[in-house]
Amino acid sequence: MRGVRRCPSWASFGLRGVCLVGALGLMGLVGPGSVRAQAPEEVTEDDDGEEMPDLSPDGLPQAPVDSTAGERVTPTEDAEPTDQAEGEIESDDLDDLPDPIEPGSVPTPRPAGEAPLPEIPAEPEADGEQTLPGQARNLTEEERTRRGLLWIPRIVFAPVRFSLWLVTRPIIALAKLNRKYQLINRFMSLFVSDDGTYGLIPSAFVETGFGLNGGLRAYHRNLFGKGESISARIGFGGFYNQRYQLSLSSGNRSSHVTVEAGVRYVVRRADRFFGVGTGDREDPYDTDLPLSVYDSDQAVRSRYRRKTLLGELALRFPMADRIWLRLSNTWVWSRFDTGDLGQRDPWINQAYEANQLVGFFQPQTNTRTELRLVVDRRRQGTTYMPPSLPSEGAWFQVWGGWQQGVRQDPSQFGRVGADVDGFINLYEHDRVLRLRARFEAVVGHKENIPFDGWALLEGPDMLRGFSRQRFRSRYSGLGTVEYRYPIAPSFAGYLFTDVGIAANHWEQAHPRDWHFGYGGGLMMFSKTAFVARIQVAASREGIYFNLRFAPANDPSDVL
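Taking this note's numbering, the leading residue of the sequence shown gets 27, the next gets one more, and so forth.
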């Protein structure tokens, strides 16, 4: 009828839906295992004559399927070409590729003009099955015998290896604990201020033959804002049976001079005396005593007691950057005595001629005047190592002085010396080679030199591997080679060799006057200070152990 709009039939929509469902069902017959090829879209028509592409199960156009062969039909020449990715291989081109070469086979010759394919080497035949990791193949009987003989040195050195493992276990465990809990830094934070200007620090020293010394050290490096410093120390036991010390410095109050003052009182009950010279050490019970103090071929260890009160006033004149001249005058009062019998070592007046012990039987009162030039070019090139452990540069000092007795003190002699201590950075400022040379001489008549005033060469800081106060002589020299290397954060190890000479007559020095010591140790430190040191040194006279727990910032307090 005219004027009435024709509405679409609901039946037509239903028919279209049925056809679409049927088409999707037919397409579902094509499984994922069929070969997909890039082919032109096959076009069909729906009920309304619209073109519809043949869709794959995933909704993409696909090539028509040949129902008889079950494979995709190759597109005809009339079909529109499809875009193909560059470098993509057609499925039909797979037939043109050569068959893979089997291992060990001879490849088929290629046509002329084409590059030959590389040969795949044949897998070598194994001499039996490799049942153990690292088992060698193709070994002859002689080679197997040689490898078996390697167990001999392993067995021989097993005790050494186990000893090293046993010694290093506590060190490694301590390093791991410190790395996990920052023990050293936490300890330093308990006793030192955040900026390091003041602190109250415990100290401890253990040394072979002297036992344990424990104490406290308090300091402040910036009292009134100009670098003024004060330091106090107290200790009991060990080498210093009693020790009290106070030091003051004016800091940077004046750019022309720094005033330093100090006072110290010590009581030592186990000082040692081996004579003046380099006699071979003997057992006192196998030696005819008493011995001559000077130039004896034999030396025995004897002991004596002393009390010393010392007061010092010094002026330090800066000359250039880290170069200064120091003039000091020291007043010294000392008294010596012996104790009762009942110990292994004899007293000094039993082991040596008493009339040759200058200054022993009366109190000593003398003054010492000294002029010292110091050049300090040491520095640490990293921020994770403290300044007290330098990695490069050198320390040089030369000095000369005179000691004059007062009243009954016979002291009247001079002393000169030089010391150079160099550091070479080998790698990353934590592998450091240290070279040191030191010389000291005493000038005067032996009748005017007290028995304790001779040039001293001793352990554990100079000639390591020997007892403290081991050599006294008119001339002494020292050479040191030391290598420091990292072990873990805040831990470093070091190995050293020391050679020293002590002689009363330089022109008549004998090979026996040369002495060698060697050993190693472990250092513990924070980023700002040296904390502790464990050292083992050896020589022909024995093995000496030294432990030092005394946090310090100045290299002169450590090295």
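Ideal Cβ placement from N, Cα and C applies to all residues, glycine included.
Whole-angstrom C-beta distance between residue j and residue i, which should lie under 8 Å
i           : j           : result
residue 294 : residue 270 : Not quite, the Cβ-Cβ distance comes to about 13 Å (not below 8 Å), so this is no contact.
residue 403 : residue 371 : That belief does not hold up - the Cβ atoms of residue 403 and residue 371 are roughly 43 Å apart, past 8 Å.
residue 551 : residue 412 : 5 Å
residue 670 : residue 252 : Residue numbering for the chain in the displayed model covers 27 to 585; residue 670 lies beyond these limits and cannot be assessed.
residue 199 : residue 513 : No, residue 199 and residue 513 are not in contact; Cβ-Cβ is about 13 Å, not under 8 Å.
residue 423 : residue 456 : 26 Å between Cβ atoms; not a contact.
residue 491 : residue 564 : 5 Å
residue 214 : residue 577 : 7 Å
residue 570 : residue 234 : 5 Å
residue 316 : residue 379 : 5 Å
residue 493 : residue 527 : Not really, about 17 Å apart at Cβ, beyond 8 Å.
residue 303 : residue 499 : 6 Å
residue 275 : residue 284 : 6 Å
residue 255 : residue 249 : 7 Å
residue 548 : residue 517 : 7 Å
Cβ shell of residue i (< 7 Å), same chain only, five flanking positions each side left out
i           : result
residue 580 : 414
residue 474 : 436, 437, 438, 439
residue 555 : 214, 412, 414, 577, 578, 579
residue 350 : 342, 343, 344, 400
residue 267 : 293, 294, 295
residue 540 : 525, 527
residue 465 : 443, 444, 503
residue 388 : 434
Coil, strand or helix - residue i by DSSP
i           : result
residue 478 : coil
residue 438 : strand
residue 93  : Caution is warranted here: a pLDDT of 44 is assigned to residue 93, below 50, making its placement in the model unreliable, and no coordinate value can be reported.
residue 228 : strand
residue 336 : strand
residue 234 : coil
residue 248 : coil
residue 469 : strand
residue 214 : helix
residue 484 : coil
residue 582 : helix
residue 39  : Reliability fails at residue 39, whose pLDDT of 47 lies under 50, so the model's placement of it is uncertain and the value that follows must be treated cautiously. It is helical.
residue 312 : helix
residue 5   : Examination of residue 5 is not possible in this model, given that the chain is present from 27 through 585 alone.
residue 25  : There is simply no residue 25 to check, as the chain begins at 27 and stops at 585 in what is shown.
residue 292 : strand
residue 68  : Bear in mind that the predicted position of residue 68 carries a pLDDT of just 46, short of 50, making it unreliable; the figure below should be weighed with that in mind. Three-state result, residue 68: coil.
residue 297 : strand
residue 489 : coil
residue 433 : coil
residue 572 : strand
residue 207 : helix
Residues of its chain near residue i, where Cβ-Cβ distance is below 6 Å and the 5 sequence neighbours each way are ignored
i           : result
residue 260 : 241, 242, 270
residue 667 : The structure shown has nothing for residue 667, since the chain only spans 27 to 585.
residue 441 : 427, 468
residue 495 : 298, 484
residue 478 : none
residue 333 : 293, 361
residue 358 : 336, 392
residue 448 : 420, 461
residue 238 : 232, 263, 264
residue 523 : 507, 544
residue 55  : Interpretation of residue 55 is limited by its pLDDT of 41, a score under 50 that renders its predicted location unreliable; the figure taken from the coordinates is listed afterwards. So no residue of the chain qualifies.
residue 353 : 341, 397
residue 218 : 225
residue 542 : 525
residue 325 : 300, 301, 305, 307
residue 584 : 414, 556, 578
residue 331 : 295, 363
Chain-order list of residues whose beta-carbon lies under 8 Å from that of residue i (same chain, five-residue window excluded)
i           : result
residue 282 : 343, 344
residue 383 : 319, 374, 375, 477
residue 432 : 391, 392, 393
residue 480 : 302, 468, 498, 499, 500
Below 8 Å, can you find three or more Cβ-Cβ pairs linking the segment 405-412 to the segment 437-446?
no
Which ranges would you report for the beta strand (DSSP E) in the segment 501-563 if only whole runs of at least 3 residues count?
Whole beta strand (DSSP E) segments, 3+ residues: 501-514, 517-529, 540-551.
Quick test of the definition: if touching needs 3 or more C-beta pairs under 8 Å, does the segment 329-344 touch the segment 495-508?
no
Beta strand (DSSP E) segments (min. 3 residues) lying fully within the segment 361-406:
Correct list: 390-402.
Take every Cβ of the segment 222-230, pair it with every Cβ of the segment 244-252, and state whether three or more of those distances are shorter than 8 Å.
yes
For the pair the segment 531-538 and the segment 555-562, tell me if three or more CB-CB distances fall below 8 Å.
no
In chain order, which alpha helix (DSSP H) runs of at least 4 residues are fully inside the segment 163-200?
167-175, 177-182, all fully within the segment 163-200.
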